[in-house]
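Just so we're aligned, residue 1 is where the sequence shown starts under our numbering, counting upward by one. All C-beta atoms in this analysis are idealised placements derived from N, C-alpha and C, irrespective of residue type, glycine included. These numbers were taken from a predicted model, which means no experiment stands behind them. One structure below.
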Amino acid sequence: MESVVVLYASPNRLARFSRWALLSIALLILCSCRREAPAPQPEPSATTTATTPSAPVTGELKDVVETTSSYVIGISYPPSASKYPGLAAELKRYAEAARADLLEAAAERRPDAPAPYDLSLSFTQVLDSPTLVAVAADGSSYTGGAHGAPLLERFVWLPQQNRRLRASDLVPDAQGWSAISGYVREQLHTALSQRIDADDLDATQRAEVIKNAGRMIDDGTEADAAHFAQFEPVMGRDGKVAALRFVFAPYQVGPYSDGTQTVDVPASVLLPFVAPDYRALFSGG
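Here it is as structure tokens:
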């Protein structure tokens with residue numbers, strides 16, 4: 001079992017405490033900026049240096065580089081993903097949705113805005129095996145403000161069945177998510193305490209930080225498949241899944257400065273709750 005959590009660093013005790021104290025406000029601001037649905041994309045600018053024209057989503061994957069005075073877009077794909085047309089279509093659909101959102105925002109951007117908007121999105125092959133394929137999508141979309149909105153998605157593909165494996169399929173009942181939630185929360189709370197210890201806060205500040213950050217952890221890991229939708233298989237020496245690495249985007253279980261956080265849940269914890277159709281994928285199953 002292994003858990004990995006991104007650490008943060010602060011210049012002084014007051015800055016650390018202020019960041020945590022303003023966490024809830026920052027979250028509200030982020031949520032208010034989210035868009036409900038992509039609008040039709042505008043016509044490409046004449047200053048675009050390289051573009052991928054709008055087209056129906058297919059399995060063909062081509063990297064995208066677009067540069068105009070209003071926006072910059074960079075999207076890269078792993079060549080190996082094209083072996084699986086269904087998976088390739090899923091990746092392209094996600095990228096096109098992110099691109100459409102960026103173009104919608106750029107169409108409303110003020111000409112005197114200090115910097116162009118930008119979208120940076122990279123798809124990385126995590127696993128390519130006869131039974132499981134996994135691709136990680138990571139990036140950000142900047143449409144103003146202090147920093148970009150994080151983009152994070154994990155695609156786990158069943159090549160023999162030609163379909164995506166989702167968390168709700170893997171663990172179908174509430175009892176399983178309750179057990180997984182409890183395990184993940186314990187790991188995240190432990191990591192939080194270790195980070196706070198390193199910051200050397202006084203007793204009052206420590207209690208406040210633990211209260212606020214602990215609430216974020218609990219809210220972001222409620223016992224529901226939706227909170228654990230992003231995961232990667234961690235393979236063992238036997239070629240089977242030894243653990244699932246659940247991935248949490250910034251703001252889900254901590255402030256933006258904590259970055260992406262992950263927790264590995266071993267197969268021994270998962271197996272009692274894994275649907276019968278998928279037990280053979282796991283070590284001990």
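Item                                                                                                                                                                                     : Value
Among Gly-144, His-227 and Gln-205, which residue has its Cα nearest to the Cα of Gly-182?                                                                                               : His-227
Use the C-beta contact count for Gln-175: other C-beta atoms within 10 angstroms, 16 or more gives buried, fewer gives exposed.                                                          : exposed
Glu-222 by DSSP, collapsed to three states: which one?                                                                                                                                   : coil
Taking the alpha-carbon of Ser-122 as reference, which of Gly-236, Ala-95 and Leu-192 has the nearest alpha-carbon?                                                                      : Ala-95
Take every Cβ of the segment 103-116, pair it with every Cβ of the segment 75-85, and state whether three or more of those distances are shorter than 8 Å.                               : no
Flag this pair as yes or no: are the beta carbons of Leu-87 and Trp-157 separated by less than 8 Å?                                                                                      : yes
Are the beta-carbon atoms of Met-235 and Ala-225 separated by less than 8 Å?                                                                                                             : no
Using CA atoms only, rank isn't needed, just tell me which of Ala-134, Arg-110 and Pro-150 is closest to Ser-69.                                                                         : Arg-110
Can you name the start and end residues of the alpha helix (DSSP H) that Leu-87 belongs to?                                                                                              : 85-107
Please list the terminal residues of the continuous beta strand (DSSP E) segment that includes Gln-261.                                                                                  : 261-266
Just grab the DSSP bridge partners of Arg-195 for me.                                                                                                                                    : According to DSSP, Arg-195 bridges with nothing at all.
Could you tell me which residues DSSP pairs with Ala-149 in its beta bridges?                                                                                                            : Ser-141
Please work out which residues of its chain come closer than 8 Å, Cβ to Cβ, to Leu-271, disregarding the five sequence neighbours upstream and downstream, and give them in chain order. : Arg-279, Phe-282, Gly-284 and Gly-285
Considering only C-alpha positions, which residue in the set Val-171, Ala-146, Ala-213 and Leu-91 is nearest to Val-269?                                                                 : Val-171
From which residue to which residue does the alpha helix (DSSP H) around Asp-258 run?                                                                                                    : Note, Asp-258: premise wrong, no alpha helix (DSSP H); not H, not E.
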